[in-house]
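Here the structure is laid out as structure tokens; the discussion comes afterwards.
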Amino acid sequence: MPRINLLPQNISELIAAGEVVERPASVIKEAVENSIDANALHITVEINRGGITYMRVTDDGCGIESADVPTAFLRHATSKIQSVSDLESIATLGFRGEALAATASVSKVEMFTRPQGAEYGTHYEIEGGKEILFEETGCQEGTTLIIRDLFYNTPARMKFLKKDVSEGTAVLYVIERAALSHPEIAFKFIRDGKVCLQTSGDGELKSAIYSVLGREFSQSLIEVCSNQSGIKVEGFTCKPVFARASKAMQFVFLNGRLVISKTVSAACEQAYKNSAMVGKFPAFVLNLSVPYSTVDVNVHPAKTEVRFSDEKRIFDAVYSAVKSAIAQNDTRPVINTAKPSVSNRMSVAEYKQASVSFEEKPTFTAKQSTFNPVRLRENDSFVFQKPAVAEPSVKTEPPIPAKVAEKTVNTQTNETKEYSPESEVRFIGEAFLTYIIVERGESIFLIDKHAAHERILFNTLKESQNIEVQPLLTPVTVRLEAKQYMAINENAEILKKSGFETEDFGSGTVIVRAIPAMLKSEDVASVIEEAAESLLLRGSVQISEIDRIFHTVSCKAAIKAHNITAPEELLNLAKKVLSDRDIMYCPHGRPVAYEIRKKDLEKQFGRIQ
Ligand code: ADP
Ligand code: MG
33 MPRINLLPQN ISELIAAGEV VERPASVIKE AVENSIDANA LHITVEINRG
83 GITYMRVTDD GCGIESADVP TAFLRHATSK IQSVSDLESI ATLGFRGEAL
133 AATASVSKVE MFTRPQGAEY GTHYEIEGGK EILFEETGCQ EGTTLIIRDL
183 FYNTPARMKF LKKDVSEGTA VLYVIERAAL SHPEIAFKFI RDGKVCLQTS
233 GDGELKSAIY SVLGREFSQS LIEVCSNQSG IKVEGFTCKP VFARASKAMQ
283 FVFLNGRLVI SKTVSAACEQ AYKNSAMVGK FPAFVLNLSV PYSTVDVNVH
333 PAKTEVRFSD EKRIFDAVYS AVKSAIAQND TRPVINTAKP SVSNRMSVAE
383 YKQASVSFEE KPTFTAKQST FNPVRLREND SFVFQKPAVA EPSVKTEPPI
433 PAKVAEKTVN TQTNETKEYS PESEVRFIGE AFLTYIIVER GESIFLIDKH
483 AAHERILFNT LKESQNIEVQ PLLTPVTVRL EAKQYMAINE NAEILKKSGF
533 ETEDFGSGTV IVRAIPAMLK SEDVASVIEE AAESLLLRGS VQISEIDRIF
583 HTVSCKAAIK AHNITAPEEL LNLAKKVLSD RDIMYCPHGR PVAYEIRKKD
633 LEKQFGRIQ
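Note that our numbering numbers the sequence shown so that position 507 is 539, with each residue one more than the last.
Shown next as structure tokens:
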């Protein structure tokens, strides 16, 4: 047996650091929380290269006494709690005394700090947990923390970092949340030399929302304000018509701390029942204030998970606060011929599903679907029973080889008929202004016209070397939310390859000079917003940026369900779908067509056994 040793301090620190410091955004979260705890009124965060090489957080808070500076970098060193009883009612964001130690153990840290009113400040440097410099200095009141070369001594962790852009965006999200939870603090975020977020610190939540989430979003809001049995619920929630496709715009703050709370989200969603569309999620920014002793924030090192001593009371308080806000303030939706003002975000789950179906072309098995998507002729069909003859050898075959003439057995006469798929597609009709119904050989096909068209356009975009571009006679300026704006500017090259010509016009606005020819020029603003959203989708899905843009363009350009489409056009679409094995799923992974076989119909009607 190997001998058991106590780990040297540097190793145990590195292990512990892993829990707190995962990426630049987690360092910034801790540093900003320290500044908030220090009662700062101005906090400036600056990063370069996604924060991996350089991060700086400057505040005008209380500062640290010279003698305490080295101590602050020790593990379990904190000024925020002293006794076990303090743990029961934590009023500060920090309390574990881990962040500075963890950060210093995996990077090169420099601190300038001067307590308010003190004559001198302190300059301190620590690298990989080792003190390098400790001297008196002249500096501003408050604290500046500089972090360089994160994970320089832990290459394994370095490998887990994403592209600079993604890390930088994760930092932006941290600052956004801090700014929303503390409207009384003026935040400034500088990324690679550019100011990309700034809040006024005027104490009004609405102005913080305006700066962080944009003008249009802030106009969609209803104020929530209630105080019941010691639970204060304040903030804003969206009018039901502005409910979104995902929960990306839900922010819950508990006593000034961003938390993830299923109880609160569920209560809020419940309050929208019967007013918002099914499958849509409300957007909200809610600040809950509860007595510190009724909540446990010490559940996880990142401190975003919380436990309430009485979940039901929280649920009820949030539910009734939101419900009555909606009842009092919701107005009838105004019909607006302009573009919709709130873009839908696809949830990470939806996007994952899309990417999986598109990238990996999964092989469905019979139990996954009672329907029979076109390629699955050999499995269970439609809602009928299993066909009498199973052909297991075909099960792993790729989609229906439609280009090859198919053999169909006429069950009545038992004669085999050959036909070419292109020529024999007969148009039967269209159901619900959505599904094309056609007959070919011994089968009927139901085809989703939007999904089919979208897929065909997507394939065209992917195959074409040079995408057809339509220059706009008058360039269009589009104002975007901060992160959409950055996503568009950072991906200008990719957008260009997909047929868009965009240019940074400064302060949240881009100029669009050209768009892909297949789009309508009225759609510019919404397509740019949607393109930005698709570029921003979080999660670990591996879809190239250009494919995301193609998704957006083809979805936008495709004919829509519920629009009237000429029968010839529908027939043409059906022919394309049935003759091309690449048109199985729309780019979002939904099936394009289902097949009903004559044989199965006949069995169902008792014509054959
Ligand atoms: P915690 O925040 O859990 O106490 P940290 O490791 O984050 O632990 O910080 C250790 C201590 O350093 C804090 O308790 C606080 O006293 C001091 N400190 C850290 N950052 C600041 C700051 N920006 N301004 C004033 N004091 C700070
Ligand atoms: Mg802290």
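For each residue, glycine too, the CB sits at the ideal point set by N, CA and C.
Label residue i either buried or exposed according to how many other C-beta atoms from any shown protein chain fall within 10 Å of its C-beta, with 16 as the threshold for buried.
| i | result |
| --- | --- |
| V116 | exposed |
| L245 | buried |
| I43 | exposed |
| R339 | exposed |
| T154 | buried |
| V34 | First, the amino acid is wrong: residue 34 is Pro here, not Val. It counts as exposed. |
| L165 | exposed |
| K61 | buried |
| R472 | buried |
| H485 | buried |
| D224 | exposed |
| T509 | exposed |
| D234 | exposed |
| L505 | exposed |
| Q41 | exposed |
| E495 | exposed |
| G149 | exposed |
| R168 | Here the sequence assigns Glu to residue 168, which means Arg is not the residue at that position. Exposed: under 16 other Cβ atoms inside 10 Å. |
| K226 | exposed |
| N259 | exposed |
| Q282 | buried |
| K195 | exposed |
Less than 8 Å separating the beta-carbons of residue i and residue j?
| i | j | result |
| --- | --- | --- |
| T326 | L290 | no |
| V317 | G267 | yes |
| G129 | A109 | yes |
| A133 | E45 | yes |
| N361 | Y324 | no |
| F477 | E627 | yes |
| P147 | C94 | yes |
| S321 | K238 | no |
| L527 | A563 | yes |
| K312 | R276 | yes |
| L605 | I460 | no |
| P507 | V544 | yes |
| V585 | L493 | yes |
| S261 | A211 | no |
| M87 | I222 | no |
| E163 | P102 | yes |
| A483 | C270 | no |
Round the Cβ separation of residue i and residue j to the nearest angstrom and send it over; I've been treating them as touching at under 8 Å.
| i | j | result |
| --- | --- | --- |
| V559 | L551 | 6 Å |
| S213 | F285 | 4 Å |
| V141 | R189 | About 16 Å separates the two Cβ atoms, so there is no contact after all. |
| I358 | F219 | With a Cβ gap of about 30 Å, I358 and F219 do not count as contacting. |
| R629 | E474 | 6 Å |
| E236 | R55 | No, E236 and R55 are not in contact; Cβ-Cβ is about 32 Å, not under 8 Å. |
| K515 | T597 | Their Cβ separation, rounded to whole angstroms, is 36 Å, which puts K515 and T597 out of contact at 8 Å. |
| G161 | A123 | Not really, about 29 Å apart at Cβ, beyond 8 Å. |
| Y152 | G170 | 7 Å |
Just checking residue i against ligand 4 - is the residue's beta carbon closer than 7 Å to any of the ligand's heavy atoms?
| i | result |
| --- | --- |
| E54 | The ligand content of the structure shown is limited to ligand 1 and ligand 2, which means ligand 4 is not among them. |
**OP:** Please determine if the stretch 494-503 and the stretch 524-534 are in contact, where contact requires at least 3 C-beta pairs separated by less than 8 Å.
**Re:** Inter-segment contact for the stretch 494-503 and the stretch 524-534 is present: three or more beta-carbon pairs are separated by less than 8 Å.
Original post:
Between the stretch 294-303 and the stretch 344-361, do three or more beta carbon pairs fall short of 8 Å?
Top reply: The stretch 294-303 and the stretch 344-361 touch, with no fewer than 3 CB-CB distances between them shorter than 8 Å.
Subject >> Segment contact, 8 Å Cβ cut-off, at least three pairs: the stretch 62-77 with the stretch 182-196 >> reply: Touching, no, given that fewer than three Cβ pairs across the two stretches are closer than 8 Å.
Subject >> For review: beta carbons within less than 6 Å of any heavy atom in ligand 2 >> reply: That query returns the following residues: E62, E65, N66, G126 and A131.
Original post:
Are there three or more Cβ pairs, one per stretch, closer than 8 Å when the stretch 484-496 is compared with the stretch 536-545?
Top reply: Between the stretch 484-496 and the stretch 536-545, the count of Cβ pairs shorter than 8 Å is below three; the stretches do not touch.
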